[in-house]
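J.: Sequential numbering of the sequence shown, starting at 0, is according to numbering that gives the first Met the number 0.
Ideal Cβ positions, reconstructed from N, Cα and C, are used throughout, including at glycine.
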Amino acid sequence: MTPSQPPSFPPPEPPPGSGTGTGHGHAHGHSHSHGPAAPVSQHLRKVIAAILIPFATAVLVGLAVLWPGGAPEHERTGVGFDRQTQEATVTKVVEVNCKDVNASGGVPTGDTSTAEGSSAQQQADGTCKKATIRVDSGKDSGRTFTEIVQPDQSRQLSEGQEVVVAYEPSAPEDLQYSVTDINRRLPLALLAGIFALAVVVVGRLRGLMALVALAISFLVLTYFILPAILQGSNPLIVAVVGASAIMLLALYLCHGLSARTSVAVLGTLISLLLIGVLGSVFIGWAALTGDTDDNTGLIHGLYPEIDMSGLLLAGVIIGSLGVLDDVTVTQTSAVWELHEANPSMGWRGLYRAGIRIGRDHIASVVNTLVLAYAGAALPLLLLFSIAQSGVGTVANSELVAEEIVRTLIGSIGLVASVPVTTALAALVVSADRPTNGREPAQGGRESAQGNRPLAARGGRGRRRKR
Numbered sequence: 000m001t002p003s004q005p006p007s008f009p010p011p012e013p014p015p016g017s018g019t020g021t022g023h024g025h026a027h028g029h030s031h032s033h034g035p036a037a038p039v040s041q042h043l044r045k046v047i048a049a050i051l052i053p054f055a056t057a058v059l060v061g062l063a064v065l066w067p068g069g070a071p072e073h074e075r076t077g078v079g080f081d082r083q084t085q086e087a088t089v090t091k092v093v094e095v096n097c098k099d100v101n102a103s104g105g106v107p108t109g110d111t112s113t114a115e116g117s118s119a120q121q122q123a124d125g126t127c128k129k130a131t132i133r134v135d136s137g138k139d140s141g142r143t144f145t146e147i148v149q150p151d152q153s154r155q156l157s158e159g160q161e162v163v164v165a166y167e168p169s170a171p172e173d174l175q176y177s178v179t180d181i182n183r184r185l186p187l188a189l190l191a192g193i194f195a196l197a198v199v200v201v202g203r204l205r206g207l208m209a210l211v212a213l214a215i216s217f218l219v220l221t222y223f224i225l226p227a228i229l230q231g232s233n234p235l236i237v238a239v240v241g242a243s244a245i246m247l248l249a250l251y252l253c254h255g256l257s258a259r260t261s262v263a264v265l266g267t268l269i270s271l272l273l274i275g276v277l278g279s280v281f282i283g284w285a286a287l288t289g290d291t292d293d294n295t296g297l298i299h300g301l302y303p304e305i306d307m308s309g310l311l312l313a314g315v316i317i318g319s320l321g322v323l324d325d326v327t328v329t330q331t332s333a334v335w336e337l338h339e340a341n342p343s344m345g346w347r348g349l350y351r352a353g354i355r356i357g358r359d360h361i362a363s364v365v366n367t368l369v370l371a372y373a374g375a376a377l378p379l380l381l382l383f384s385i386a387q388s389g390v391g392t393v394a395n396s397e398l399v400a401e402e403i404v405r406t407l408i409g410s411i412g413l414v415a416s417v418p419v420t421t422a423l424a425a426l427v428v429s430a431d432r433p434t435n436g437r438e439p440a441q442g443g444r445e446s447a448q449g450n451r452p453l454a455a456r457g458g459r460g461r462r463r464k465r
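1) Quick check on this structure: which residue in Phe383, Asp293, Ile408, Ser410 has the alpha carbon closest to the alpha carbon of Val399?
2) Can you tell me where the alpha helix (DSSP H) with Ala244 in it begins and where it stops?
3) Starting from Asn294 and walking both ways along the alpha helix (DSSP H), at which residues does that stretch end?
4) In chain order, which beta strand (DSSP E) runs of at least 3 residues are fully inside the segment 398-425?
5) Considering Ser177, what are the terminal residues of the beta strand (DSSP E) in which it resides?
6) Would DSSP call Asn96 helix, strand or coil?
7) With burial defined as no fewer than 16 other Cβ atoms inside 10 Å of the residue's Cβ, what is the status of Ala197: buried or exposed?
8) Can you list, in chain order, the residues of its chain whose CB lies under 7 Å from that of Thr291, leaving out five sequence neighbours each side?
9) How big is the Cα-Cα spacing for Ile385 and Ser410?
10) What is the DSSP secondary structure of Arg355, counted as helix, strand or coil?
11) So for Ile52, helix, strand or coil by DSSP?
12) Measuring straight from C-alpha to C-alpha, what distance separates Pro378 and Val264?
13) Over what stretch of residues does the beta strand (DSSP E) that includes Arg133 continue unbroken?
14) Taking the DSSP output, what are the residues bridged to Ala371?
15) Assign Ile305 to one of three DSSP states: helix, strand, or coil.
16) Alpha carbon to alpha carbon, how far is Arg358 from Ala49? Give it in angstroms, no decimals.
17) What number of angstroms, rounded off, separates the C-alpha of Glu172 from the C-alpha of Leu156?
18) Between Ser308 and Thr288, which are expected to be in contact by the criterion C-beta below 8 Å, what is the C-beta distance as a whole number of angstroms?
19) Mind reading off the beta-carbon distance from Val199 to Gly206? Whole number of angstroms is fine, and I expect it under 8 Å.
20) So Thr88 and Glu161 are in contact, right, with Cβ under 8 Å, and what is the actual spacing, rounded?
21) When you compare the CB positions of Ile181 and Ser216, do they come within less than 8 Å of one another, or not?
22) Tell me the residue span of the alpha helix (DSSP H) that contains Ile224.
23) Pick helix, strand or coil for Thr143, following the three-state DSSP scheme.
24) For Ala130 and Leu204, what's the separation of their Cα atoms in angstroms?
25) Alpha carbon to alpha carbon, what distance is there between Thr421 and Ala352?
26) With distance defined between alpha-carbon atoms, name the residue in His254, Cys97, Ala165 nearest to Val324.
27) Can you give me the Cβ contacts of Leu492 inside the same chain, cut-off strictly under 8 Å, excluding the 5 residues immediately before and after it?
Right, dumping it as structure tokens:
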């Protein structure tokens with residue numbers, strides 16, 4: 000409150016008997032000046048701390064016990080992501096006749112109706128590219144090699160392009176290096192910078208703290224969850240401990256150490272437990288192995304002791320966390336704001352009003368979650384469409400059933416988080432009793448202008464809001 004404000008509220012102005020109303024207006028306005036939510040009583044803070052402190056302690060103990068100390072060493076297989084790679088640059092590209100460079104290629108049959116026949120015909124009659132690539136990193140930096148690019152390849156090379164090359168030391172010298180991908184680090188780094196700038200510009204301090212929380216989440220994932228699973232720890236336990244650590248750090252960093260944030264943490268925790276139970280039941284019941292593609296097959300081959308179905312469940316829990324904290328924080332904030340607007344509203348009224356907000360949130364978020372999974376699996380769905388497979392056949396295949404179970408379990412936990420968090424928030428704010436015992440009586444007074452309590456009515460308290 001600035002020094003110029005007191006003269007605008009002289010003591011003689013209020014009518015007789017309304018001094019307490021003015022005092023309450025001051026208290027209400029004062030609470031707004033410190034943030035959107037007034038602090039709860041010390042008794043409720045103790046109750047919440049009695050629940051969350053043991054939970055946080057258990058998470059810390061879990062981190063200490065399961066801390067892996069780094070990923071285990073293994074011999075590279077030279078397959079997929081397990082290859083040695085180096086950075087390189089395309090220094091020269093010339094066009095050549097495919098007949099001259101495809102001496103070992105297949106002989107075209109003339110039938111171009113199949114993919115193989117069409118490819119063979121293009122390789123025989125088309126114009127290929129002979130690219131010279133210079134290795135820019137590693138012990139062979141400066142070494143050059145050539146690679147032939149077929150006309151039907153999806154990835155074409157151009158002069159000056161930065162690429163990633165695979166290195167296989169056991170191969171003949173002229174075949175040790177081959178182009179595996181394009182170097183995308185610069186555009187990805189630039190996009191990440193634009194994202195960070197947008198978050199900070201719009202979110203300001205909270206946006207900056209959100210980026211810090213994002214970095215911490217990435218560190219927990221990289222240095223704890225993944226290495227612990229590779230070391231042979233139970234993926235479900237590791238995921239629960241790691242997700243809990245991420246949840247506590249991210250929510251309290253972004254939203255502050257308050258009772259409101261603690262209620263969101265409790266709501267998220269209960270929903271994660273529900274997701275864990277449902278995941279354990281239905282992943283086992285549907286006999287999902289988690290080994291459905293080349294990448295998971297490679298993991299299972301390198302580390303056969305890893306429980307792949309447990310890894311699938313761990314992915315469900317971690318994947319659901321990002322959406323859950325959004326819903327629980329929103330619901331808690333909504334209930335707190337409703338209570339600020341009308342302190343006389345009981346917990347039933349707060350719950351009914353909050354759940355109406357939650358229904359709109361559920362409708363949009365669940366649809367977003369399903370479409371996100373569908374978008375990620377779009378190429379797979381196209382293959383099933385090309386094969387003209389029925390919906391039942393597609394859904395029954397393990398590759399699709401895994402995504403269905405993942406989506407539905409996450410969505411159930413998401414839906415359940417709304418009534419759970421809303422009920423917790425309504426109970427906490429309605430059970431709060433200030434130590435002076437005066438605010439509830441004032442909050443219950445009706446103004447002469449309507450049915451709203453004085454604390455919720457516009458007026459002098461509003462003028463002090465910042």
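T.: For this structure:
1) Phe383
2) 234-254
3) 293-301
4) With a minimum length of 3 residues, no continuous beta strand (DSSP E) run stays inside the segment 398-425.
5) 176-181
6) Correct three-state label for Asn96: strand.
7) exposed
8) In chain order, Glu397, Leu398, Glu401 place their CB closer than 7 Å to the CB of Thr291, counting only its own chain and leaving out the 5 sequence neighbours on each side.
9) 29 Å
10) Annotated three-state conformation of Arg355 is helix, per DSSP.
11) helix
12) If you take the alpha carbons of Pro378 and Val264, they lie about 37 Å apart.
13) 126-134
14) According to DSSP, Ala371 bridges with nothing at all.
15) coil
16) 31 Å
17) 22 Å
18) 6 Å
19) A Cβ-Cβ distance of about 5 Å is found for the pair Val199 and Gly206, placing them in contact under the 8 Å criterion.
20) Their Cβ separation, rounded to whole angstroms, is 6 Å, which keeps Thr88 and Glu161 in contact under 8 Å.
21) Cβ distance not < 8 Å, so Ile181 and Ser216 don't count as in contact.
22) Taken as a continuous stretch (DSSP letters only), Ile224 belongs to no alpha helix (DSSP H), as it is neither H nor E.
23) strand
24) 49 Å
25) 9 Å
26) For the sequence presented, residue 324 should be read as Asp rather than Val. When each option's Cα is compared against that of Asp324, the closest is His254.
27) Because the chain is modelled from 0 through 465, residue 492 falls outside the range shown and cannot be assessed.
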